[in-house]
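Every letter in the sequence shown is one number past the one before it in full-length UniProt numbering, and letter 34, counting from 1, is 34. Using N, Cα and C, we set each Cβ at its ideal position, and we do this for glycine too. Since the model is a prediction, treat every value here as computed from it, not as a measurement. Have a look at the structure below, then the notes.
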Amino acid sequence: MNVLVVNGPNLRRLGTREPEKYGTTTHDELAVLVTQWGADLGLDVEVRQSDDEADLVHWMHESVDSGTHVILNPAAFTHYSYALRDACALVSSAGLSLVEVHLTNPHARETFRHTSVISGVASGTIAGFGIDSYRLALEAVARRVG
Ligand code: DQA
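The following block contains the structure:
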């Protein structure tokens, strides 16, 4: 089973970006871990990152066309991107899992982070467990499709 893990803006900077909030694991290290955790669950995982909203929208379209489940950390787009929300709705309505993940718990942070325009079209949301949020999301996908 193929799973696309997509990380949004500023997540390439993991490791040095506000490590007290996001931890010290780099994006490359996260990609290796996520791929390994996926393989352990029988999932074939590809990890991508972009700061560009258009890339994320196009990758959602690609996942619909290829029948690929998605784990998405929309980063700041979580809070305001209706374009990404609409693209995620396409994934969900194609019968594919779309799990929203966050390293931090946005509800325990600034008020503007309390709103997710993505959650309403996601299969579910996992937030606040650092890089383990991705591991839990992979388990959720594996259980849903297994
Ligand atoms: C984040 C939370 C967002 O509010 C923030 O803009 C991010 C990362 C997280 O993983 O905790 O870039 O999605």
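{"Query": "Any non-hydrogen atom of the ligand DQA within 8 Å of Thr-104 CB", "Result": "yes"}
{"Query": "Inter-residue spacing [alpha-carbon to alpha-carbon] between residue 199 and Glu-100", "Result": "Residue 199 lies beyond the range of the chain shown here (1 to 146); nothing can be said about it."}
{"Query": "Terminal residues of the beta strand (DSSP E) in which Val-121 lies", "Result": "It is not in any beta strand (DSSP E) - Val-121 carries neither H nor E in the DSSP assignment."}
{"Query": "Alpha-carbon spacing of Ser-97 relative to Asn-7, whole angstroms", "Result": "16 Å"}
{"Query": "Cβ-based neighbour list, Thr-24, same chain, cut-off 7 Å, excluding 5 preceding and 5 following", "Result": "Gly-15"}
{"Query": "Check: His-79 C-beta below 8 Å from any heavy atom of the ligand DQA", "Result": "yes"}
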